[in-house]
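*Asks:* If you use this note's numbering, the sequence shown corresponds to residues 327 to 490, in order. All C-beta atoms in this analysis are idealised placements derived from N, C-alpha and C, irrespective of residue type, glycine included.
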Amino acid sequence: MADTLPLTWFAPKGRMIMLGLLGIGMTTLSVFVIFIGGPVGWVIGPIGTIFFGACTVAIFSRVFTVKPVLTVTERGIDLWRYPFIPWEELAAIEVAPSSGEVFLVFDVMDPEAYFARMSPLTRRWVKMSAALLPGAAYLSARALPEPVEDVAAKIGAMHPQNRG
Numbered sequence: 327m328a329d330t331l332p333l334t335w336f337a338p339k340g341r342m343i344m345l346g347l348l349g350i351g352m353t354t355l356s357v358f359v360i361f362i363g364g365p366v367g368w369v370i371g372p373i374g375t376i377f378f379g380a381c382t383v384a385i386f387s388r389v390f391t392v393k394p395v396l397t398v399t400e401r402g403i404d405l406w407r408y409p410f411i412p413w414e415e416l417a418a419i420e421v422a423p424s425s426g427e428v429f430l431v432f433d434v435m436d437p438e439a440y441f442a443r444m445s446p447l448t449r450r451w452v453k454m455s456a457a458l459l460p461g462a463a464y465l466s467a468r469a470l471p472e473p474v475e476d477v478a479a480k481i482g483a484m485h486p487q488n489r490g
């Protein structure tokens, strides 16, 4: 394989811009609900405005940052929004479907030790997702610029045990 470390993958900009535009539309709609929704709109509208506004900011911040969603180095795997996974802690990488979407799933040798390195919000999210997906860290196939199976194969090939 011609790939050398580090390997990096960035989120597809076009897809992120489309999601950002959708977020702007939903935020605008939520503001509109505040003014036309009466008492129910006065409650639902601000909640939607805050939620969709925050999502829109997060999406556009990904468009304008240069941090990759996934980096594979000599030391291990750096996955956006998750703690670094050293090679010696990585148990498995798999492609798994869930709720109509496909994910790249990273499993670790000691999940509880890995979870302890997560922020409380990320830890809660991963533990809630455990009913739908195996593993300790996840990356949606939509966040990758190439097929998730190809990414999984490249990561597997870069594992120190497989590099010879």
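Starting from the C-beta of residue 389, find all residues in its chain whose C-beta is less than 7 Å away, skip the five residues before and the five after it, and write them out in chain order.
*Replies:* Same-chain partners within the cutoff: 339, 342, 343 and 346.
*Asks:* State yes or no: is the C-beta of residue 374 within less than 8 Å of the C-beta of residue 356?
*Replies:* Yes.
*Asks:* Run through DSSP, which three-state label would residue 397 get?
*Replies:* Residue state, collapsed to three classes: strand.
*Asks:* For residue 416, collect the residues of the same chain with a Cβ closer than 8 Å to its Cβ; drop the 5 residues on either side in sequence, then sort them by chain order.
*Replies:* These residues qualify, in order along the chain: 402, 403, 432, 433, 434, 435 and 485.
*Asks:* If you drop the 5 nearest sequence neighbours on each side, which residues of the same chain put their C-beta closer than 8 Å to that of residue 359?
*Replies:* Answer for residue 359: 367, 370, 371 and 374, listed in chain order.
*Asks:* Whole angstroms is fine: what's the gap from residue 405's alpha carbon to residue 411's?
*Replies:* Their Cα atoms are separated by approximately 8 Å.
*Asks:* Are the Cβ atoms of residue 335 and residue 428 separated by less than 8 Å?
*Replies:* Result no, Cβ atoms of residue 335 and residue 428 do not sit closer than 8 Å.
*Asks:* Tell me the residue span of the beta strand (DSSP E) that contains residue 300.
*Replies:* Here the chain comprises residues numbered 327 to 490, so residue 300 is not present and cannot be evaluated.
*Asks:* Compute the Euclidean distance between the alpha carbons of residue 565 and residue 408, then round it to the nearest angstrom.
*Replies:* This structure does not reach residue 565, given that the chain is present from 327 up to 490, and the question cannot be answered.
*Asks:* Mind checking which residues open and close the alpha helix (DSSP H) that includes residue 475?
*Replies:* Note, residue 475: alpha helix (DSSP H), 474-484.
*Asks:* Just tell me which of 400, 452 and 352 has its CA closest to the CA of residue 331.
*Replies:* Checking every option, the nearest Cα to that of residue 331 belongs to 400.
*Asks:* When you compare only the Cα positions, how much space is there between residue 460 and residue 451?
*Replies:* The straight-line gap from Cα to Cα measures roughly 13 Å.
*Asks:* DSSP three-state label for residue 387, please.
*Replies:* Looking at residue 387 - three-state DSSP - the assignment turns out to be helix.
*Asks:* Indicate whether residue 398 and residue 465 have their beta-carbon atoms separated by less than 8 Å.
*Replies:* No, Cβ-Cβ distance for residue 398 and residue 465 is not below 8 Å.
*Asks:* Out of 426, 483 and 430, state which residue places its alpha-carbon closest to the alpha-carbon of residue 420.
*Replies:* If we check each option's Cα against that of residue 420, 430 comes out closest.
*Asks:* Can you list, in chain order, the residues of its chain whose CB lies under 7 Å from that of residue 350, leaving out five sequence neighbours each side?
*Replies:* Contacts found: 382.
*Asks:* Residue 424 and residue 458 - do their beta-carbons sit closer together than 8 Å?
*Replies:* Result yes, Cβ atoms of residue 458 and residue 424 sit closer than 8 Å.
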